[in-house]
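Structure, as structure tokens:
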Amino acid sequence: KRKNSLSSVRTNLVSHPDAYEYLNSCANGGKTQSLPANSSMKGYDNIIINALHVVPEELANQITLLDFTTFAEIQPDELTSCAWTKREKLSLAPNIVSFTKRFNHTMFWTVEEILAGDSSKERAEIVVHFIKIAKKLYELNNLHSLFAIISALQSASIFRLQKTWGLVSKKDKQSFDRLADIFSDKNNWQNLREYIESLRLPCIPYLGLFLTDFIYIDLAHPHTGGLESEQRKNKMNNILRVISNYQQSNYKDIVPNLNVQRYIKSIRYIEELQNIFEEDQYKKSIALEPSLCVPSLSSCSSKESFNVECSAIANLNLSPAKIASMRVSHTSGKFRPLHRKCRSLGSNIFSKGTHCQANIPLDFIPKNDCIELRHPLDDSVLDNKLNMKTNENIAKESINGEATFLQTDHDQDTDMLNHEGCVRRKTVLKGGRKPAVASWQRYWLQIWATSLVYFAPKSFKGSDRCDFKREPCKVCSLSGWVARELDFPKRKNTFELLNAEIGTLYKFRADSSDLWVRAIRNALGKNIEKPSSINLMTFE
1 KRKNSLSSVR TNLVSHPDAY EYLNSCANGG KTQSLPANSS MKGYDNIIIN
51 ALHVVPEELA NQITLLDFTT FAEIQPDELT SCAWTKREKL SLAPNIVSFT
101 KRFNHTMFWT VEEILAGDSS KERAEIVVHF IKIAKKLYEL NNLHSLFAII
151 SALQSASIFR LQKTWGLVSK KDKQSFDRLA DIFSDKNNWQ NLREYIESLR
201 LPCIPYLGLF LTDFIYIDLA HPHTGGLESE QRKNKMNNIL RVISNYQQSN
251 YKDIVPNLNV QRYIKSIRYI EELQNIFEED QYKKSIALEP SLCVPSLSSC
301 SSKESFNVEC SAIANLNLSP AKIASMRVSH TSGKFRPLHR KCRSLGSNIF
351 SKGTHCQANI PLDFIPKNDC IELRHPLDDS VLDNKLNMKT NENIAKESIN
401 GEATFLQTDH DQDTDMLNHE GCVRRKTVLK GGRKPAVASW QRYWLQIWAT
451 SLVYFAPKSF KGSDRCDFKR EPCKVCSLSG WVARELDFPK RKNTFELLNA
501 EIGTLYKFRA DSSDLWVRAI RNALGKNIEK PSSINLMTFE
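Numbering of the sequence shown is given in full-length UniProt numbering, commencing with residue 1 and proceeding in unit increments.
What follows is the structure, encoded as structure tokens:
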């Protein structure tokens with residue numbers, strides 16, 4: 001009886017709004033963690049205590065309307081300036097930031113709703129409900145929220161719930177696998193690019209794909225002031241035309257439901273506390289379904305080193321549908337998180353490799369023909385130019401397959417990654433002034449073309465590539481900087497980077513400061529060689 005009554009509420013929820021007052025009088029007024037403490041309790045707010053109380057089609061429709069309202073307001077200047085990666089992003093690119101928050105909000109809401117289930121059976125029912133929402137978003141061509149829900153189902157907190165996924169039907173798992181394959185980041189998002197080319201309007205694309213392309217263009221053709229180069233202007237205009245065409249989409253056939261939209265917006269989410277929320281969600285996931293395997297000892301964070309059923313399956317990054325059909329002996333394995341906030345921001349501009357493999361842009365580094373040579377003392381990567389081949393096309397994007405962009409020439413951009421390794425950086429001067437507090441910070445540093453790419457650490461220990469995040473936290477141009485090596489008896493292997501124009505001085509510590517200085521000078525095209533001894537003897 002309870003099951004039948006619940007299904008009748010779901011089916012008649014949208015068509016009979018007059019029933020809310022009667023249900024309000026019968027309800028106890030309970031709240032869940034998904035609703036903020038000061039949220040209103042009128043209409044849907046008192047009925048929708050979780051996502052199961054709204055049919056998937058209605059949720060997908062209202063999510064699409066909320067997404068498109070923000071997407072249509074994005075201006076071209078916000079995209080071409082790459083301002084979403086800067087500190088002033090709230091004022092320079094407010095609509096991109098809002099669109100990014102919509103992605104993270106949807107992902108957070110999905111994880112919260114699933115973890116709110118008390119039993120494995122209830123959580124499995126919620127998982128199936130969100131898979132149905134994802135299928136409806138797929139039909140509406142809303143790739144933005146579709147990827148958010150797929151990323152939530154693939155997140156560490158949900159992916160590890162073996163008992164929950166074991167109760168999901170094979171048909172639903174296969175549907176989830178097909179949707180997840182669209183967003184594979186292999187070969188520079190090849191599946192997603194090909195799928196977008198086949199779509200017709202209306203469509204809300206995954207904006208992170210285009211933001212990634214804008215960052216590529218900005219790094220390959222930086223804007224130094226004055227008139228923009230012709231290559232930069234043409235490539236950016238090609239992407240702007242595609243995005244502008246998507247902004248002409250028409251979702252007027254969907255009837256707005258303010259009550260459902262109010263429920264979706266009422267989810268408590270604070271952008272600045274994202275890491276804390278993720279840790280809490282992961283701890284709750286472990287409390288609901290404790291891990292059966294012994295955690296592996298590694299220098300990486302505990303969240304990313306938990307075991308699924310076996311390391312072979314975890315390293316292959318298989319879906320729960322494939323995991324359920326295989327049984328292998330328990331060994332230690334490392335989980336690879338499939339989505340982070342920077343994906344939404346488009347700053348995930350480096351392709352994935354193995355756990356400790358350096359991330360190299362696809363456009364400038366060959367896939368299989370590059371041989372890495374490492375220094376025998378500090379294991380840092382030496383400048384290597386063996387068997388280099390350029391990748392002609394990094395991306396293609398168009399509505400009808402006619403417009404293409406991001407095509408590189410064979411005679412340029414072949415040696416972009418010059419040097420990389422673990423360093424410690426200290427700010428000596430910032431804007432001509434000494435900082436109030438100066439401390440050594442650890443980064444994985446790459447010299448890419450004429451830019452320094454910083455990767456933040458995952459934990460407090462470790463100096464290997466796998467101990468740092470895959471996505472860069474900052475990208476700084478080397479234009480105007482001067483590198484010089486310092487010879488301190490107490491502190492060897494120290495060098496400085498100075499920019500006299502802005503009055504900024506950084507001090508670095510690395511295992512091989514001479515290699516870093518040489519690589520930076522090579523990147524700037526200022527190979528300063530030591531002067532040879534002058535021959536004082538002349539024959540005249």
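Note that CB positions come from ideal geometry on N, CA and C, so glycine has one too. Computed from a predicted model, the values in this text were never measured in an experiment.
- Residue range Leu207 to Ala220 is occupied by the alpha helix (DSSP H) that includes Leu211.
- The C-beta separation of Phe455 from Tyr443 comes to about 6 Å, placing the pair in contact by the 8 Å criterion.
- With respect to the C-alpha of Trp440, the residue from Leu515, Tyr269 and Val428 having the closest C-alpha is Val428.
- In this structure, Cys203 places its C-beta atom within 8 Å of the C-beta atom of Ser249.
- In the DSSP secondary-structure assignment, Thr427 is bridged to Tyr506.
- By the Cβ test, the region 187 to 198 is not in contact with the region 153 to 173, since fewer than three Cβ pairs between them sit closer than 8 Å.
- The Cβ atoms of Val423 and Arg509 lie closer than 8 Å to each other.
- With fewer than three CB-CB distances shorter than 8 Å, the region 49 to 63 does not count as touching the region 78 to 85.
- Membership of Val128 in any beta strand (DSSP E) is not indicated; the residue belongs instead to the alpha helix (DSSP H) covering Ser120 to Glu139.
- DSSP places Tyr251 outside both helix and strand once states are collapsed to three, so it counts as coil.
- Taking C-alpha positions only, Ser184 is separated from Ala220 by approximately 25 Å.
- Two segments are said to touch when three or more pairs of C-beta atoms, one from each, lie closer than 8 Å; by this definition the region 95 to 104 touches the region 69 to 76.
- Selection Lys89, Gly432 and Lys458 evaluated against Ile502 yields Gly432 as nearest (Cα-Cα).
- By the CB criterion at 8 Å, Glu125 and Asn50 fall outside the cutoff.
- Excluding its 5 nearest sequence neighbours in each direction, Lys430 has C-beta neighbours in its own chain below 7 Å: Thr504, listed in chain order.
- When secondary structure is reduced to three states using DSSP, Gln441 falls in the strand class.
- The C-beta of Asn104 has 16 or more other C-beta atoms within 10 Å across all chains shown, which makes the residue buried.
- Each of Gln75, Val242, Ile158 and His419 was checked against the Cα of Leu452, and the nearest Cα belongs to His419.
- Only buried fits Glu278, as 16 or more other CB atoms lie within 10 angstroms of its CB.
- Per DSSP, Arg160 is not a residue of any alpha helix (DSSP H), being assigned neither H nor E.
- For Tyr454, the enclosing beta strand (DSSP E) has its first and last residue at Ser451 to Phe455.
- In the DSSP secondary-structure assignment, Lys474 is bridged to Tyr454.
- Taking a 10 Å sphere around the C-beta of Pro256, we find fewer than 16 other C-beta atoms and assign the residue as exposed.
- Boundaries around Phe495 are those of the beta strand (DSSP E), Thr494 to Asn499, since no alpha helix (DSSP H) includes it.
- Taking the Cα of Ser175 as reference, the smallest distance to any Cα among Trp516, Ala156, Val128 and Phe159 is reached at Val128.
- Of the candidates Arg521, Asn141 and Lys469, the residue whose Cα lies closest to the Cα of Val482 is Arg521.
- In this structure, DSSP gives Asn50 a state outside helix and strand, which the three-state scheme calls coil.
- Looking at the backbone, the Cα of Ser145 and that of Leu137 are separated by about 7 Å.
- Beta-bridge partners assigned by DSSP to Asn142: Ile204.
- The C-alpha of Ile215 is placed about 12 Å away from the C-alpha of Pro472.
- Glu57 and Ile133 have their alpha carbons spaced roughly 6 Å apart.
- Between Thr106 and Ala148 the beta-carbon gap is near 4 Å, inside 8 Å, which marks them as a contact.
- Cα atoms of Arg518 and Thr85: separation of roughly 29 Å, rounded to the nearest angstrom.
- Around the beta carbon of Arg87, fewer than 16 other beta carbons sit within 10 angstroms, so the residue counts as exposed.
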